[in-house]
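**Student:**
There are 6 protein chains.
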Amino acid sequence: MPYVTVKMLEGRTDDQKRALVTKVTEAVSETTGAPKEAIHVMIEEMSKSNLGIAGVRKSDQ
Amino acid sequence: MPYVTVKMLEGRTDDQKRALVTKVTEAVSETTGAPKEAIHVMIEEMSKSNLGIAGVRKSDQ
Amino acid sequence: MPYVTVKMLEGRTDDQKRALVTKVTEAVSETTGAPKEAIHVMIEEMSKSNLGIAGVRKSDQ
Amino acid sequence: MPYVTVKMLEGRTDDQKRALVTKVTEAVSETTGAPKEAIHVMIEEMSKSNLGIAGVRKSDQ
Amino acid sequence: MPYVTVKMLEGRTDDQKRALVTKVTEAVSETTGAPKEAIHVMIEEMSKSNLGIAGVRKSDQ
Amino acid sequence: MPYVTVKMLEGRTDDQKRALVTKVTEAVSETTGAPKEAIHVMIEEMSKSNLGIAGVRKSDQ
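Chains as they are written, first to last, in this note's numbering: chain A, 1 to 61; chain B, 1 to 61; chain C, 1 to 61; chain D, 1 to 61; chain E, 1 to 61; chain F, 1 to 61.
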């Protein structure tokens, strides 16, 4: 605790995902006071055919 | 905002998923008053081996 | 199955939420072929102090 | 209802996942009084590159 | 890891929720091999006006 | 997109939650390249009676 989930389109590099986990953990720790050891970050990647905004999927734009 | 997540078994066609996003967005906009531009729809697909009802997985039926 | 979650700001009336559940269920059934009996819709309401877009919370705008 | 989601690292066998669904359903039914027929269990599997604890991903340890 | 979320209607007693956490943790540990110390269980309670099955909310039945 | 959810125990101040949204948004933007305008952050707060680790709820410790 805290538990952080980041849902985003697939396509980021492994380096970007490593940095994402590190920087988000720091941001959560600094602002909530939770120790880093207690912070869990999960990345969930979506394909463009599974995300729609304003009724139109990213794969259909 | 609103953010809509639809979890379902994999196997729907691309046309079905496109229609799902369009129709759900319309339904949410009409009933909540939110503009379509603010409505986000995410589809999450599961395999039959990852869903169980009444203690039995879909893949074991 | 399918399982639909709608996250939105609190403040909708009970009639709006009733209509939301009915219309979203119809939209999902028509486009995926799932029978209505198998469609579950959950509404999750957020306060403006718990939602931020572009780094600014709705309660701070 | 109830709806149970289990997020865990990928790598469990099919037998482990079958047992997980069965045993979790029993545990929820016994303690909440919900009939088994109403209990839905979803398994979501993550790769080690998508889970970080204390700012470090499982794939980087 | 694993992370378990149980969404259910509000109204269970504190004793039922305590037992739910204990028994689900045991079920997940026994079947996945994860140590209990690594298992996190979150309960999310819904009102009857926020859950619909087959297009009808629990509060409207 | 991206959509970030932070689940944590209730009890943080409004200032902590404001800073959390701002800093997490910056961390996600810097590491993924997504513009801030596209980043959505949701905070979900739990009571101690609804979170258990190692089979024991926070309210029972």
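Positions of the beta carbon are idealized from the N, C-alpha and C atoms, including for glycine. A quick note: this is a predicted structure, and the numbers were derived from the prediction, not measured.
(1) Might you give, ordered along the chain, the residues of its own chain that have their beta carbon closer than 7 Å to the beta carbon of D:T5, omitting 5 neighbours on each side?
(2) Using 8 Å as the Cβ pair cut-off and three pairs as the minimum, do the segment 23–38 of chain C and the segment 21–31 of chain B touch?
(3) Against chain C, does E:K62 count as a neighbour if the rule is that its beta carbon must be under 8 Å from one of theirs?
(4) Mark D:T32 as exposed unless 16 or more other C-beta atoms lie within 10 angstroms of its C-beta, in which case mark it buried.
(5) Assuming contact is defined by CB atoms lying nearer than 8 Å, are D:R57 and A:R18 in contact in what I supplied?
(6) Using DSSP bridges, identify the partner residues of E:L20.
(7) Buried or exposed, going by whether 16 or more other CB atoms sit within 10 Å of the CB of B:P35?
(8) Tell me where the beta strand (DSSP E) around F:T5 begins and ends.
(9) Say whether chain G places a C-beta atom closer than 8 Å to the C-beta of C:E26.
(10) Please list, in chain order, the chain F residues whose beta carbon lies closer than 7 Å to that of C:R12.
(11) Alpha carbon to alpha carbon, how far is F:D15 from C:S59?
(12) In chain F, what lies closer than 8 Å to C:K7 by C-beta?
(13) For D:R57, which residues does DSSP report across the bridge?
(14) Using a Cβ cut-off of 8 Å, pull out every chain B residue sitting near D:K36, in sequence order please.
(15) Cβ atoms of A:M1 and F:P2: under 8 Å apart, would you say?
(16) Return the Cβ separation of F:S49 and F:E10 in integer angstroms, given the expectation that the two are a contact with Cβ distance under 8 Å.
(17) Using a Cβ cut-off of 9 Å, pull out every chain A residue sitting near D:D15, in sequence order please.
(18) Closer than 8 Å by C-beta to E:A38: which residues in its own chain qualify, once you throw out the five before and the five after it? Chain order, please.
(19) Between the C-alpha atoms of B:I53 and B:Q61, what's the straight-line distance to the nearest angstrom?
(20) Kindly list, in the order they appear in chain A, the residues whose Cβ is closer than 7 Å to that of F:E30.
(21) For E:I91, write down the residues that DSSP places opposite it in a beta bridge.
(22) For B:G55 and A:H40, what's the separation of their Cα atoms in angstroms?
(23) Chain B partners of A:L20, CB-CB under 7 Å?
**Tutor:** By the coordinates alone:
(1) For D:T5, where only same-chain residues beyond five positions count, the Cβ hits under 7 Å are M42 and E44.
(2) For the pair of segments examined, the segment 23–38 of chain C was found to touch the segment 21–31 of chain B: the number of CB pairs separated by less than 8 Å reaches three.
(3) In the structure as shown, chain E starts at 1 and stops at 61, and residue 62 of chain E therefore has no counterpart that could be examined.
(4) Around the Cβ of D:T32, a 10 Å sphere holds 16 or more other Cβ atoms; the residue is buried.
(5) Yes, Cβ-Cβ distance for D:R57 and A:R18 is below 8 Å.
(6) E:L20 is not bridged to any residue.
(7) Residue environment analysis places B:P35 among the exposed positions, since fewer than 16 neighbouring C-beta atoms fall within 10 angstroms of its C-beta.
(8) Taken as a continuous stretch (DSSP letters only), the beta strand (DSSP E) holding F:T5 covers Y3 to L9.
(9) The chain inventory of the structure shown lacks chain G, comprising the protein chains A, B, C, D, E and F.
(10) By Cβ distance, chain F contributes nothing, its closest Cβ being about 17 Å from C:R12, past 7 Å.
(11) So the alpha carbons of these two residues sit roughly 12 Å apart.
(12) Taking the beta carbon of C:K7 as reference, the chain F residues within 8 Å of it are M42, listed in sequence order.
(13) When DSSP reads this structure, D:R57 sits in a beta bridge with D:G52.
(14) Correct list: A54 and G55.
(15) Not closer than 8 Å, so no.
(16) Actually they do not touch by this definition, with Cβ atoms about 11 Å apart.
(17) The premise fails here: D:D15 is roughly 25 Å from chain A at the closest Cβ pair, so nothing lies under 9 Å.
(18) Contacts found: M1 and P2.
(19) Roughly 10 Å between the two C-alpha positions.
(20) Contact of F:E30 with chain A by beta-carbon distance below 7 Å involves K23.
(21) Look at the range of chain E in this structure, 1 to 61, and you will see that residue 91 of chain E is not part of it.
(22) Near 29 Å, if we compare the C-alpha coordinates of A:H40 and B:G55.
(23) Ordered by position in chain B, no residue passes the 7 Å Cβ test against A:L20, which lies about 19 Å from the chain.
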